[in-house]
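*Asks:*
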Amino acid sequence: MTTASNKNQNNTYKLMGRDLYAAMGSPKTILAPMVDQSELAWRILSRRYGADICYTPMLHARLFANDKKYRKDMWSDLDGDAKLDRPLVAQFCANNPAELLEAASHLVGKCDAVDLNLGCPQGIAKKGHYGSFLMEEWDLIHDLINIVHTKLGVPVTAKIRIFPTKEKSLEYAQHVLKAGAQFLTVHGRTREMKGQQTGLADWSYIKHIRDNIPADTVLFANGNVLYPEDITRCFDQTQCDAVMSAEGNLYNPAVFNLNPDATIDEKFPRVDKLLREYFEIVKSLGPESRASKIALKSHFFKILRPFLVHHTDIRNAIGQSRAPRTEEDLIPWESIVAQVEDAVAKIYLSPDLADEVVTGDVQEWGGSYKEVPYWRCQPYFRTVNGIEKANTKLNDKNFQTKKAKGGSENVETSTAAEVDPVTNPVVEDLAEPLDEGTK
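Residue 142 is where the sequence shown starts when you use the numbering used here, and the numbers rise one by one after that.
1. Would you give the residue range spanned by the alpha helix (DSSP H) that residue 454 belongs to?
2. So which of 174, 184, 321 and 314 has the shortest CA-CA distance to residue 349?
3. Measure from the alpha carbon of residue 249 to the alpha carbon of each residue in 216, 281, 490 and 434, then state which is nearest.
4. Using a threshold of 8 Å, state whether the C-beta atoms of residue 225 and residue 288 are closer than that.
5. What are the boundary residues of the beta strand (DSSP E) that includes residue 302?
6. Secondary structure at residue 504, three-state DSSP: helix, strand or coil?
7. In the DSSP assignment, what residue or residues form a beta bridge with residue 243?
8. Under the assumption that residue 438 contacts residue 462 (Cβ atoms under 8 Å), give the Cβ distance between them as a whole number of angstroms.
9. Given this structure, state the Cα-to-Cα distance separating residue 329 from residue 390, to the nearest angstrom.
10. With DSSP as the reference, identify every bridge partner of residue 328, one or two as the case may be.
11. Does residue 211 come out as helix, strand or coil in the three-state DSSP assignment?
12. Based on DSSP bridge pairs, tell me the residues matched to residue 201.
13. Is the CB-CB distance between residue 261 and residue 410 below 8 Å?
14. Starting from residue 127, follow its DSSP beta bridges and name the residues at the other end.
15. Roughly how many angstroms lie between the CA atoms of residue 602 and residue 490, to the nearest whole one?
16. Give the list of continuous alpha helix (DSSP H) stretches no shorter than 4 residues that lie fully inside the stretch 370 to 425.
17. Which same chain residues end up closer than 6 Å to residue 342 when comparing Cβ atoms and leaving out the 5 residues on each side of it in sequence?
18. Would you mind stating whether residue 395 and residue 190 have Cβ atoms separated by less than 8 Å?
19. If you measure between the beta carbons of residue 435 and residue 220, is that distance less than 8 Å?
20. From the DSSP output, read off the bridge partner residues of residue 581.
21. Would you tell me roughly how many angstroms separate the C-alpha atoms of residue 174 and residue 483, rounded to the nearest one?
22. DSSP state of residue 170, grouped into three classes?
23. Just the Cα atoms here: how many angstroms apart are residue 359 and residue 447?
24. Distance check for residue 232 and residue 445, CA to CA, integer angstroms please.
25. Tell me which same chain residues have a C-beta within less than 6 Å of the C-beta of residue 497, skipping the five on either side of it?
26. Using only the alpha-carbon positions, how far apart do residue 374 and residue 392 sit?
27. Between the C-alpha atoms of residue 179 and residue 432, what's the straight-line distance to the nearest angstrom?
28. Candidates 206, 161, 488 and 326: which alpha carbon is nearest residue 413's?
29. In this structure, does DSSP put residue 478 in helix, strand or coil?
30. Out of curiosity, what's the CA-to-CA distance linking residue 399 and residue 449?
31. Quick check: the Cα distance between residue 404 and residue 362, rounded to an integer number of angstroms?
32. Please report the straight-line C-alpha distance between residue 281 and residue 238, rounded to a whole angstrom.
33. When DSSP labels each residue in this structure, what does residue 309 get in the three-state scheme?
34. What residue does the alpha helix (DSSP H) around residue 335 start on, and which one ends it?
35. Assuming residue 295 contacts residue 244 (C-beta within less than 8 Å), just tell me the rounded distance between them.
36. How long is the line joining the alpha carbons of residue 443 and residue 457, rounded to whole angstroms?
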């Protein structure tokens with residue numbers, strides 16, 4: 142065990158920097174914090190598919206500090222369990238140092254670190270005055286990070302976005318680190334790069350930060366992770382310590398599989414098998430993890446996204462089903478999982494099935510797009526400036542006959558890339574909590 146290297150004002154020791162990173166297993170692949178999407182069940186699944194460390198969903202610091210019901214809904218006795226849910230970083234959005242300190246104090250001993258969200262670019266973060274909309278308030282950012290760093294027995298980290306210039310981005314990163322952040326995650330997009338303006342993350346900004354901060358600083362990179370190969374490229378181009386994925390993981394948890402000899406089933410799992418595995422995890426948690434049940438409907442849509450284009454009856458069944466809150470609410474979802482299993486089983490009855498992944502030409506940004514059978518987990522390419530990737534418009538004939546094998550391997554270029562999932566309105570306003578019914 143690495144020796145602790147810091148003593149806070151409460152006279153308790155805690156690990157810092159490289160010591161903390163080593164104690165957490167020197168992780169290389171990270172499940173990103175996402176609102177209502179990186180909950181316990183999904184973290185368990187993601188670890189099975191290669192995530193070395195997981196972040197919680199973004200937690201509302203004021204509500205977590207003051208509202209027992211919110212805290213119980215968002216954090217069960219199983220969250221942060223030493224055998225089930227570690228290493229774990231709990232992320233908070235906050236704009237009040239005292240509230241952040243109080244919120245984080247509830248998780249001392251229950252997670253490996255707490256993270257300050259300085260990256261959320263959504264409009265609700267602007268309205269609530271948190272996330273990337275604190276980027277210009279450097280004194281407040283210092284106070285938020287420093288109060289946890291100096292007064293609490295749990296390490297603090299931070300996740301940021303970049304400024305338009307490398308120089309300003311570096312200065313910002315240095316400020317966050319000086320305040321006491323033990324790890325720094327850099328999302329290589331500006332605050333304005335979201336929705337239709339998403340574009341590709343610029344890894345050169347992350348590399349510039351890496352080159353100009355102390356060599357022993359723990360740095361994570363975020364952005365542009367669609368396939369496992371992208372993680373390898375990110376390591377090469379940024380020299381970061383670990384790579385984080387958000388949306389890439391939601392559509393294919395196996396995005397973290399870095400084994401170059403991995404089979405198609407290991408890199409692009411069949412949706413029926415992964416859906417069943419995830420559903421069984423949710424059931425196994427029993428009544429304890431309410432957050433895992435609430436997130437289930439959204440995860441079903443993401444896992445099955447390409448599949449549902451061809452099976453609209455299942456899509457309609459999911460859409461008409463209520464997100465579960467109780468054990469009894471899970472019963473109808475068993476039927477949906479069975480329908481998916483039956484549908485995929487019928488696909489494999491075809492004697493001419495072309496069950497393969499076709500890799501396109503290397504693009505100017507260094508990676509390649511892939512055509513993946515629609516019944517397998519794969520990244521989602523959103524429409525940007527009216528352009529949608531051709532391989533998101535697949536029909537049955539693309540993969541269900543061997544004739545498809547002789548087609549062109551070129552794939553149309555798109556600027557679409559991984560972005561932060563839409564934030565849940567429950568954390569919209571740090572001044573006034575929204576009614577439970579809006580969740």
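All C-beta atoms, glycine included, are put in the ideal place defined by N, C-alpha and C.
*Replies:* Concretely, from the data shown:
1. 453 to 461
2. 314
3. Ranked by Cα distance from residue 249, the first of 216, 281, 490 and 434 is 216.
4. no
5. 297 to 302
6. Coil at residue 504, not helix or strand.
7. BP columns for residue 243 are empty, so no partner.
8. 7 Å
9. 17 Å
10. 302 and 363
11. helix
12. 234
13. no
14. Residue 127 lies beyond the residue range present for the chain, which begins at 142 and ends at 580; the question has no answer from this structure.
15. Since the first residue of the chain shown is 142 and the last is 580, residue 602 is not available in this structure.
16. Those alpha helix (DSSP H) runs which fall completely within the stretch 370 to 425 and span 4+ residues are 388 to 392, 405 to 408 and 412 to 425.
17. 329, 330, 364 and 365
18. yes
19. no
20. Residue 581 is absent from the structure shown; the chain starts at 142 and stops at 580.
21. 33 Å
22. strand
23. 36 Å
24. Cα atoms of residue 445 and residue 232: separation of roughly 27 Å, rounded to the nearest angstrom.
25. Hits under 6 Å: none found.
26. So the two alpha carbons sit approximately 20 Å from each other.
27. 10 Å
28. 488
29. helix
30. 28 Å
31. 26 Å
32. Those two C-alpha atoms are separated by around 8 Å.
33. helix
34. Here residue 335 belongs to no alpha helix (DSSP H), and DSSP marks it neither H nor E.
35. With a Cβ gap of about 11 Å, residue 295 and residue 244 do not count as contacting.
36. 14 Å
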